[in-house]
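Peer 1:
Number of protein chains: 2
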Amino acid sequence: MLAADNMTVILHQTRSPENLGSVARVMANFGFSRLILSDPATYAFRGAERLAVKGDAVLDAMSVARSLPEALKDCVYAVGTTSRTQLEGRTALTPEEAMARLADHSQRGRVALVLGGEQRGLSNEELAFCTDILVIPTSEVQPSMNLAQAAAVLLYLCSREGRKPAEQAAPAVEEGAKMGTVHALSERMRQVMLEAQFLNPQAPDHILRELERSLLRARLTQREAELWLTAFKHLGRAVAGGKGTPGKGAPSRGPDRNG
Amino acid sequence: MLAADNMTVILHQTRSPENLGSVARVMANFGFSRLILSDPATYAFRGAERLAVKGDAVLDAMSVARSLPEALKDCVYAVGTTSRTQLEGRTALTPEEAMARLADHSQRGRVALVLGGEQRGLSNEELAFCTDILVIPTSEVQPSMNLAQAAAVLLYLCSREGRKPAEQAAPAVEEGAKMGTVHALSERMRQVMLEAQFLNPQAPDHILRELERSLLRARLTQREAELWLTAFKHLGRAVAGGKGTPGKGAPSRGPDRNG
């Protein structure tokens, strides 16, 4: 059972008003209403309305975010879509597996289906912001689907999840950790772990995103995410203090050089 | 397990080159190649190629039929798509049920997925030529899907059927009855049953289509369909002979009036 009100569609770096209109229409077809454009490749979205046949309500309520993390900040779970199979060690879900997880997490808070731009889809860096990745299996001859058609397939599967009866009375679920909080945590972890020389300053992101995703997978509650964030704030002060405090005899960044 | 080579997409009275191109692309995405336009609403299909990204092979091999029965003539099974729920007593399948039947019948011969025109979809009369009907469940606010997006949903489900392993070694299947043969049978039945006063001459189609569909559901072999056809040819001659033969004392259409 998917909580349709918690379902969000995020179009990242969308370029074509036709695709935007078609996605709005198919959202209306399947009863979804929350659409976010993240870092759109154009703001000339006239023309979308013509194609959005009765999807106007979706377009009227649409919001725009400057970046993917900003678009995701209120969500507790996100699955990113790609047609690529080289995924830097991550394993892609099937559409059905992904929709089951969206439905599951929708009991904890807002969830997002993220679709990439027309020209290159989502990069590994962008997919790293998503809890999971899904691939729609396609032919080798033409693996790349049109954005609005991929949205149609996935939202159909979503709506089917929505029609499944809840298997049993769901236990009261604590509010899930928002990805915005987890992202703030992750940024704090980056800073502290760089200072503590755990992360390679040349390429900190890869490891950091793995840590971040492991936390997302843990189905943290919002309270737990805030606890972690507070903990890293304290760790950060302690690391800085350890280095910066004259009493400890360590000049700024000293441990790095003396260690 | 769907036999992809036996899968046919029929677009009836398509108007928009954009939709044609998008359907060709999504067919290529999912490894299907046989496309028939039936009674197209325009022949100005320039522009389709731009949208058919790598679906050119599909467009190159596309054929055109003057009517839906002509498009269906080589098929042993067809499912027509509609968003209407008023279906004159017929019960619509879910997309999953319909795709399972397509897969099943694809072991017997060519099968067709029929999609209607952009403006009004398929009429009841057109749906009557199809063995089954399917409805993609949509929201009451906007029940009508874009043609190319409906095709995407259904062809995705088809391709998933194609990836399912055959449950057991399929028994050798006799060649299924082609809808062209069944349609010829049906036309012969119309003629004979009108003469025999079984059908109402003001509205023969409704009953006739029911009889035709019951035969389609029976999974006739081609040989059986030809037997039926021959049988009705003989019946036709006998009915005409019975009426026309002076020796029986019956003038033309006499039994109608004397009976």
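Chains as they are written, first to last, in the numbering used here: chain A, 1 to 259; chain B, 1001 to 1259.
Every residue gets a Cβ at the ideal spot worked out from N, C-alpha and C, and that includes glycine.
Quick check on this structure: which residue in B:R1163, B:D1074, B:A1225 has the alpha carbon closest to the alpha carbon of M1001 of chain B?
Peer 2: It is B:R1163 whose Cα lies nearest to the Cα of M1001 of chain B.
Peer 1: Determine the direct distance from the alpha carbon of L220 of chain A to that of E226 of chain A, and round the result to whole angstroms.
Peer 2: Looking at the two C-alpha atoms, the distance is approximately 10 Å.
Peer 1: Specify, as a first and last residue, the run of the beta strand (DSSP E) that L1134 of chain B falls within.
Peer 2: Per DSSP, L1134 of chain B belongs to the beta strand (DSSP E) from 1132 to 1135.
Peer 1: Where does D1005 of chain B land, buried or exposed, given buried means 16+ other C-beta within 10 angstroms?
Peer 2: With fewer than 16 other Cβ atoms within 10 Å, it is exposed.
Peer 1: Mind checking if T81 of chain A is an interface residue toward chain B, Cβ cutoff 8 Å exclusive?
Peer 2: No, its Cβ sits nowhere closer than 8 Å to a Cβ of chain B.
Peer 1: E70 of chain A: which of A:R46, A:L11, A:S106, A:A103 sits nearest, CA to CA?
Peer 2: For E70 of chain A, the nearest C-alpha among the options comes from A:L11.
Peer 1: What distance in whole Å lies between the Cβ atoms of V1076 of chain B and G1176 of chain B, which are believed to be in contact at a cut-off of 8 Å?
Peer 2: Contact flag correct, Cβ pair sits at about 3 Å.
Peer 1: Checking the sheet assignment: what are the DSSP bridge partners for S38 of chain A?
Peer 2: Looking at the DSSP assignment, S38 of chain A forms a beta bridge with A:H12, A:A65.
Peer 1: Counting contacts by CB-CB distance shorter than 8 Å, is Q1149 of chain B in contact with chain A?
Peer 2: Yes, Q1149 of chain B counts as interfacial toward chain A.
Peer 1: Tell whether a beta-carbon distance below 8 Å holds between G1117 of chain B and T1082 of chain B.
Peer 2: Not in contact: G1117 of chain B and T1082 of chain B (Cβ atoms no closer than 8 Å).
Peer 1: Buried or exposed: which applies to M7 of chain A, given that a residue is buried once 16 or more other Cβ atoms fall within 10 Å of its Cβ?
Peer 2: Buried, because 16 or more other Cβ atoms sit within 10 Å of the Cβ of M7 of chain A.
Peer 1: Looking at C-alpha atoms only, which residue of A:V192, A:R15, A:E126 is the closest neighbour of V79 of chain A?
Peer 2: Of A:V192, A:R15, A:E126, the residue nearest in Cα terms is A:E126.
Peer 1: Within the same chain, show all residues whose beta-carbon is closer than 6 Å to that of S38 of chain A, passing over the 5 residues directly before and after it, in chain order.
Peer 2: Counting only Cβ-Cβ distances below 6 Å, and skipping sequence neighbours, we find I10, H12, A65, L68, A71.
Peer 1: Under 8 Å, Cβ to Cβ, is there at least one residue of chain A near S1022 of chain B?
Peer 2: Yes, S1022 of chain B counts as interfacial toward chain A.
Peer 1: With distances taken from CA atoms, which of B:L1154, B:E1195, B:L1185 is nearest E1269 of chain B?
Peer 2: In the structure displayed, chain B extends from 1001 to 1259; residue 1269 of chain B sits before or after that span and is not available.
Peer 1: Just to check my reading of the structure: P204 of chain A and R190 of chain A have Cβ atoms closer than 8 Å, yes? What is that Cβ distance to the nearest angstrom?
Peer 2: That pair is a contact at about 6 Å.
Peer 1: How far does the beta strand (DSSP E) with L1113 of chain B in it extend, from its first residue to its last?
Peer 2: It spans 1110 to 1115 - the beta strand (DSSP E) in which L1113 of chain B sits, taken as one unbroken run.
Peer 1: Give the single residue among B:Y1043, B:A1044, B:A1048, B:T1042 whose Cα lies nearest to the Cα of V1023 of chain B.
Peer 2: Per the Cα distances, B:A1048.
Peer 1: Relative to the C-alpha of R90 of chain A, which candidate in A:S159, A:L134, A:A61 has its C-alpha closest?
Peer 2: Nearest C-alpha to R90 of chain A: A:L134.
Peer 1: Starting from the C-beta of A1169 of chain B, find all residues in its chain whose C-beta is less than 6 Å away, skip the five residues before and the five after it, and write them out in chain order.
Peer 2: At A1169 of chain B the pLDDT is 48, less than 50, meaning the model places this residue with poor confidence; the figure from the coordinates comes in the next sentence. For A1169 of chain B, where only same-chain residues beyond five positions count, there are no Cβ hits under 6 Å.
Peer 1: Check whether the segment 25 to 34 of chain A and the segment 44 to 61 of chain A touch, using three or more Cβ-Cβ pairs below 8 Å as the test.
Peer 2: Touching, yes, given that three or more Cβ pairs across the two stretches are closer than 8 Å.
Peer 1: By alpha-carbon positions, which one of A:S144, A:Q222, A:A231 ends up nearest to V1053 of chain B?
Peer 2: Nearest option by C-alpha distance: A:S144.
Peer 1: For V1192 of chain B and H1183 of chain B, I'd like the C-alpha separation in whole angstroms.
Peer 2: Using only the alpha carbons, I get a separation of about 14 Å.
Peer 1: Which residues of the segment 1034 to 1065 of chain B have a Cβ closer than 9 Å to any Cβ of chain A? Give them in chain order.
Peer 2: Cβ contacts with chain A: L1051, V1053, K1054, G1055, A1057.
Peer 1: Tell me the DSSP bridge mates of C75 of chain A?
Peer 2: Answer is A:R110.
Peer 1: May I ask you to check if the CB of C130 of chain A is nearer than 7 Å to at least one heavy atom of the ligand PLP?
Peer 2: You won't find the ligand PLP in this model; it holds no ligand whatsoever.
Peer 1: Tell me whether F129 of chain A is buried or exposed, calling it buried when 16 or more other Cβ atoms sit within 10 Å of its Cβ.
Peer 2: With 16 or more Cβ atoms within 10 Å of its Cβ, F129 of chain A is classed as buried.
Peer 1: Tell me which residues of the segment 122 to 140 of chain A have at least one Cβ-Cβ distance to chain B shorter than 8 Å, keeping chain order.
Peer 2: Result list: I136, P137, T138, S139.
Peer 1: Of all the residues that make up the segment 1086 to 1110 of chain B, which are near chain A by a beta-carbon distance shorter than 7 Å?
Peer 2: Residues passing the 7 Å Cβ filter: none.
Peer 1: Looking at C-alpha atoms only, which residue of B:E1174, B:A1003, B:T1181 is the closest neighbour of W1228 of chain B?
Peer 2: Considering only alpha carbons, the answer is B:T1181.
Peer 1: Please return the same chain residues whose Cβ sits closer than 7 Å to the Cβ of L1194 of chain B, not counting the five positions on each side in sequence.
Peer 2: Answer for L1194 of chain B: P1201, P1204, listed in chain order.
Peer 1: May I ask which residues mark the beginning and end of the alpha helix (DSSP H) holding D205 of chain A?
Peer 2: Here the alpha helix (DSSP H) through D205 of chain A covers 205 to 217.
Peer 1: Are the CB atoms of D74 of chain A and L110 of chain A within a distance shorter than 8 Å?
Peer 2: First, the residue type needs correcting, since residue 110 of chain A is Arg and not Leu in the sequence shown. Taking 8 Å as the Cβ cut-off, R110 of chain A and D74 of chain A qualify as a contacting pair.
Peer 1: Which class does G1031 of chain B belong to by DSSP, given the choice of helix, strand or coil?
Peer 2: Here G1031 of chain B sits in coil by DSSP.
Peer 1: What is the rounded straight-line gap between the Cα of A1103 of chain B and the Cα of E1018 of chain B?
Peer 2: Going by the C-alpha atoms only, they are around 28 Å apart.
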